[in-house]
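Quick note: the sequence shown uses the working numbering, first residue 99, plus one each step. For glycine and all other residues, C-beta sits at the position ideal for the given N, C-alpha and C. Since the structure comes first, as C-alpha cells, the remarks are kept for the end.
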Amino acid sequence: MLTPNGLEILIHYHVCNFQHPRFDAPAVQEAIDKFIALDVLKRITNQYYLTRKGKVWLQMILETPCPEPIFIDPRTKEEVKEV
C-alpha cells in the first residue's frame, strides 16, 4: 500500500534526484528501500532516480480521477439528480 510519505518520496525523486530532505528519517529510508526492491527507484552513486516502472506508476496515480459524490434516496435506492 502506498502511504502519503511514499507518494511524497516518489514525487520528490520525480522532480529532483538530490537527497530527500528527510533522508535520515527511518520511514523515508524504509520507503526508499521498498521502492528499490520493487524496481521503482534506483540509486546511482549518491543520487536516486525513478525507473521507467516508477515513472509509469506515478503517472497512473496522478491521473486517477477524483471520486464524484452522488445523492441516493434511501427509500428508493435511486440516484437523485439535480434539475
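Residue from the options with nearest C-alpha to residue i
i           : options            : result
residue 152 : 161, 145, 140, 169 : 140
residue 134 : 146, 124, 125      : 146
residue 142 : 115, 170, 103      : 115
In DSSP terms, what residue i is bridged to
i           : result
residue 132 : Partner(s): none; residue 132 has no beta bridge.
residue 147 : 140
residue 170 : 177
Below-8 Å beta-carbon distance, residue i vs any chain C residue
i           : result
residue 141 : This model lacks chain C altogether; it includes just one protein chain.
Inter-residue CB distance, residue i and residue j (contact presumed, cutoff 8 Å)
i           : j           : result
residue 177 : residue 168 : 5 Å
residue 136 : residue 112 : Residue 136 to residue 112, Cβ: 15 Å. No contact.
Does the segment 130-147 come into contact with the segment 104-114, if we say contact requires no fewer than three beta-carbon pairs (one atom in each stretch) closer than 8 Å?
Yes, the segment 130-147 touches the segment 104-114.
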